[in-house]
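Chemist: Sharing a structure, written as structure tokens. Questions coming.
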Amino acid sequence: MKLRIYRIFLYIFNFMKRIRKKGCSKNEEASLEKIFIFNRDAIENENIEESIIIFSSAIGEFNAIKPFINSYLEDRKNCSLIILSHDPQYSDTYHSAYPNAIVGIMPAPIPALFDDLVKRTKPHIVAIAEGPCLFCHFPLRLDLSLSTMCLFHNIPLIILNATPWPKQFISRIYKIEYFLFRDLFKQAVTAWFTPYPDYKEQLSSYGIPEDRISIVGDMKYDVLFDKPLTDPDDELAFFLDSYRETPEQPLIVAGSVSSFEEQVQIISAWEQLREKYPKAKLILAPRQINQHEAMVPLREYLKNSTYKYSYRSDGEKNVEEAGLLILDVYGELMHFYNISSICYIGRNHGVLEPLKFNKPTLVGPTNTWDQDKPTYLMYQRHIEARSIEEVPDMKKLGATFIELFKDISRQKNLIKKSQKIISEEIGATRRVKKLIQNFIKE
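Written out as structure tokens, the structure reads:
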């Protein structure tokens, strides 16, 4: 009954929205074809035999579940892959990863649109990457339309790498939906596949039945060995050759560094390293390269400095003399991790990528990491196992770079411990595949 009331609620909501948006007709808003950016002809021609629908809010969540997608499609050769997000900026990346996939943005919350989506795509299963694993417990929006579609049409809905977040209301309509209809989300989800016992406890505390929650490990470990790096194009190969480490030229790669303060601390540490190794180079990869305002402090700092630096987006300009490269393009960080001497991971971000290449990896002080972030438990596991090394005082980061570069046995010890954790954790995809056979449609 509540499901039908919710669908009526959406029709009323969208009717009121059309009134506010003058000139927006019902047909314009309710066109399914308009939401797809790549391979929409498959939708238009209605020739899909079966499909899996993936919702991924951003690149990191998407990359983590690639092994599951690959394995699922390998088992079901005739299955079409449909990838949805709320932000069209990710569509090119999704399409690049899966050129045959139907890629688009989430439809407007109109029940008829989702009914049409089911009719045309015949999904066997719908999967959400990481979150929200509870309604309104995620920093990016996802209304109830997708989950209620699954509930209305009896389609299994699973959450992969289910990660609880604090409750967040992005708009007034979300508050209304949450207080009136939040239980629909719990009813719709067939299974939560979560990495850690701590997450299972959190999910259970919200009233989710324990038999629907499975601790399977973190799929991000499976990604480490999902496939090798692609060959670099000629321009990237030039950069890799220019920055590759030598005994006289250590290469520090600092990835996913969001905070301007932390960016400056890393550059200062690189300066200290250059006192010992004048040819030492630094690759600094800010997290928010597509957010102009977030990049302004770093750009102003460098412009007013005496450093010889270059932006990756500027091409080969100034690269020969630049000891500092700002990696402001997507998709290349892994290549630079691969050629590094030592890696540094910005706080509150995943720590696994450098470990794929057996690189000694440093992180900042534990007290600067946010325990509410989904990356914290993985970070904590590696800190406790001493497979990554914490620098308790960022003023000593430069000295730590020097000591670690010289101490080969210390490097090998870090690598050995990280390999042990990876071997223990890998296999989440296999475990999920086994469990979903209990409810997937044939």
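In this text, residue positions in the sequence shown follow the working numbering: the first is 6, and each later residue adds one. Yeah, the Cβ is synthetic: ideal placement off N, Cα and C, and Gly gets one too. Everything numeric in this text was worked out from a predicted model, so none of it was measured.
#1: If you scan the region 139-221 from start to end, which runs of the alpha helix (DSSP H) of 4 or more residues do you find wholly inside it?
#2: Could you check which residue in L440, N363, F14 and L278 has the C-alpha nearest to that of I181?
#3: Got a sec? Which residues, its chain only, sit under 6 Å from T405 by beta carbon, not counting five neighbours each side?
#4: Could you tell me the distance, in whole angstroms, from the CA atom of Y226 to the CA atom of G432?
#5: Pick out whichever of I107, A290, M6 and E38 has its Cα sitting closest to the Cα of N44.
#6: Please state whether DSSP places V368 in a helix, a strand or coil.
#7: I130 bridges to which residues according to DSSP?
#8: Measuring alpha carbon to alpha carbon, tell me which residue in Y103, Q192 and F60 is nearest R146.
#9: Hey, out of S90, R187 and L208, whose CA is closest to W197's CA?
#10: T126 and S56: beta carbons closer than 8 Å?
#11: For K205 and I115, I'd like the C-alpha separation in whole angstroms.
#12: By DSSP, does Q376 sit in helix, in strand, or in coil?
#13: Under a three-way DSSP split, which group does Q277 fall into?
#14: Using only alpha-carbon positions, find the residue among I70, K39 and Q192 that is nearest to P214.
#15: When the Cβ atoms of the region 82-96 are set against those of the region 168-182, are three or more pairs found closer than 8 Å?
#16: DSSP has Q385 in a bridge; who is on the other side?
#17: What three-state label does DSSP hand E33 in the structure shown?
#18: Does DSSP put L332 in a helix, a strand or coil?
#19: Near P370, what residues of its chain come up, given a Cβ to Cβ distance below 8 Å and the 5 sequence neighbours on each side ignored?
#20: My assumption, with CB atoms under 8 Å, is that S345 sits in contact with L256. Please give the rounded CB distance.
#21: Who pairs with Q254 in a beta bridge, going by DSSP?
#22: Distance check for Y11 and V334, CA to CA, integer angstroms please.
Modeler: If we stick to the structure as given:
#1: Runs found: 150-158, 177-193 and 202-210.
#2: As a first step, residue 181 must be located in the sequence shown, where it is residue number 176. Nearest option by C-alpha distance: F14.
#3: Numbered from its first residue, the sequence shown carries residue 405 at position 400. Same-chain partners within the cutoff: V396.
#4: Walking along the sequence shown from the start, residue 226 turns up at place 221. Walking along the sequence shown from the start, residue 432 turns up at place 427. Spanning the two alpha carbons is a distance of roughly 8 Å.
#5: As a working note, residue 44 is residue 39 in the sequence shown. Minimum Cα distance to N44 is reached at I107.
#6: Position 363 of the sequence shown, counting from 1, holds the residue named residue 368. Reduced to three states, the DSSP call for V368 is strand.
#7: Sequence index remark: in the sequence shown, residue 130 carries index 125 (1-based). Paired residue(s): I57.
#8: Start at 1 with the first residue of the sequence shown, and residue 146 comes out as number 141. Taking only the C-alpha atoms, the option nearest R146 is F60.
#9: Here the question's residue 197 lines up with position 192 in the sequence shown. Here the closest residue by C-alpha is L208.
#10: Looking up residue 126 in the sequence shown gives position 121. Looking up residue 56 in the sequence shown gives position 51. Pairing T126 with S56 gives a Cβ-Cβ distance under 8 Å.
#11: In the sequence shown, residue 205 corresponds to position 200, counting from 1. In the sequence shown, residue 115 corresponds to position 110, counting from 1. The alpha-carbon atoms of K205 and I115 are separated by roughly 32 Å.
#12: To locate residue 376, count along the sequence shown from 1; it is residue 371. Looking at Q376 - three-state DSSP - the assignment turns out to be coil, as it is neither helix nor strand.
#13: Position 272 of the sequence shown holds residue 277. Q277 falls in the helix class under three-state DSSP.
#14: Here residue 214 corresponds to residue number 209 of the sequence shown, with the count starting at 1. For the residues I70, K39 and Q192, the minimum Cα distance to P214 belongs to Q192.
#15: Under the Cβ criterion (8 Å, minimum of three pairs), the region 82-96 does not count as touching the region 168-182.
#16: On the sequence shown, position 380 is the one that residue 385 refers to. For Q385, which the question treats as bridged, DSSP gives no partner whatsoever.
#17: By 1-based counting over the sequence shown, the position of residue 33 is 28. Interpretation of E33 is limited by its pLDDT of 44, a score under 50 that renders its predicted location unreliable; the figure taken from the coordinates is listed afterwards. Helix at E33.
#18: For the purposes of this step, residue 332 is taken as residue 327 along the sequence shown, with counting starting at 1. In the structure shown, L332 sits in coil (DSSP, three-state: anything other than H, G, I, E or B).
#19: Stepping through the sequence shown from its first residue, residue 370 is reached at position 365. Correct list, in chain order: E395, V396, P397, D398 and M399.
#20: Looking up residue 345 in the sequence shown gives position 340. Looking up residue 256 in the sequence shown gives position 251. That pair is a contact at about 5 Å.
#21: Translated into the one-based positions of the sequence shown, residue 254 becomes position 249. Residue pairing by DSSP puts Q254 in a beta bridge opposite T251.
#22: Here residue 334 refers to the residue found at position 329 when the sequence shown is read from its first residue. Here residue 11 refers to the residue found at position 6 when the sequence shown is read from its first residue. For V334 and Y11, the distance between alpha carbons rounds to 42 Å.
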